[in-house]
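Undergrad:
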Amino acid sequence: MPIRDSRNARRYNTRITLTRSEQVVDEYGHASMGEPVDVMDVYAFVEQMSATKTMMTFQQADAVGLDIEFRKPSVPFNGIRYRGKDVFFATPTEVERGRILRIAGWYQTDNPQYG
Numbered sequence: 001m002p003i004r005d006s007r008n009a010r011r012y013n014t015r016i017t018l019t020r021s022e023q024v025v026d027e028y029g030h031a032s033m034g035e036p037v038d039v040m041d042v043y044a045f046v047e048q049m050s051a052t053k054t055m056m057t058f059q060q061a062d063a064v065g066l067d068i069e070f071r072k073p074s075v076p077f078n079g080i081r082y083r084g085k086d087v088f089f090a091t092p093t094e095v096e097r098g099r100i101l102r103i104a105g106w107y108q109t110d111n112p113q114y115g
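Mapping of the sequence shown onto this note's numbering: residues 1 to 115, in sequence order.
(1) Tell whether a beta-carbon distance below 8 Å holds between Phe89 and Ile103.
(2) DSSP beta-bridge partners for Thr109?
(3) Does the beta-carbon distance from Val25 to Gly34 come in below 8 Å?
(4) Which whole runs of the alpha helix (DSSP H) in the region 20–75 are 4 residues long or more, in chain order?
(5) May I ask you to report which of helix, strand or coil DSSP gives Phe77?
(6) Rounded to the nearest angstrom, how far is the Cβ of Thr19 from that of Gly79, given a contact under 8 Å?
(7) So if DSSP puts Glu94 in a beta bridge, which residue, or which two residues, is it bridged to?
(8) DSSP has Arg15 in a bridge; who is on the other side?
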């Protein structure tokens, strides 16, 4: 008999890329994010939550919502790339004494500028 019951356990079998973008300030003092640089590939549990049309800054967009969970890496990151798309998210949630990160994010499917 196994020590751990594996029913309903999340499996980290989807590969995602963690990225990091540094802040860039132009000659007028405007801050923006630089180009993302790949930091590390990790395996995660990724679940697609929704695929809807939504209004974003006076235009309609196809956005796909994601729930992502993976083991907390030792390197700092501020972006995720999933299936070639940049995933936008707020602050990750730490669970299980800070060993696991859960992220609710989204990516846009109809705009080539964003992945």
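Even glycine gets a Cβ: it sits at the ideal position worked out from N, Cα and C.
TA: Taking the structure as given:
(1) Counting from 1 along the sequence shown, the entry for residue 89 is found at position 89. Counting from 1 along the sequence shown, the entry for residue 103 is found at position 103. A contact, by the Cβ cut-off of 8 Å.
(2) As a first step, residue 109 must be located in the sequence shown, where it is residue number 109. Looking at the DSSP assignment, Thr109 forms no beta bridge with any residue, so it has no partner.
(3) On the sequence shown, residue 25 is found 25 positions in, with the first residue counted as 1. On the sequence shown, residue 34 is found 34 positions in, with the first residue counted as 1. Taking 8 Å as the cut-off, the Cβ atoms of Val25 and Gly34 do not count as close.
(4) At a cut-off of 4 residues, not a single continuous stretch assigned as alpha helix (DSSP H) sits fully inside the region 20–75.
(5) Counting from 1 along the sequence shown, the entry for residue 77 is found at position 77. Coil at Phe77, not helix or strand.
(6) Here residue 19 refers to the residue found at position 19 when the sequence shown is read from its first residue. Here residue 79 refers to the residue found at position 79 when the sequence shown is read from its first residue. Between Thr19 and Gly79, the beta carbon gap of about 4 Å places them in contact (Cβ cut-off 8 Å).
(7) To locate residue 94, count along the sequence shown from 1; it is residue 94. Per DSSP, the beta bridge partners of Glu94 are Leu101.
(8) Position 15 of the sequence shown, counted from the first residue, corresponds to residue 15. Per the DSSP secondary-structure output, Arg15 pairs in a beta bridge with Tyr43.
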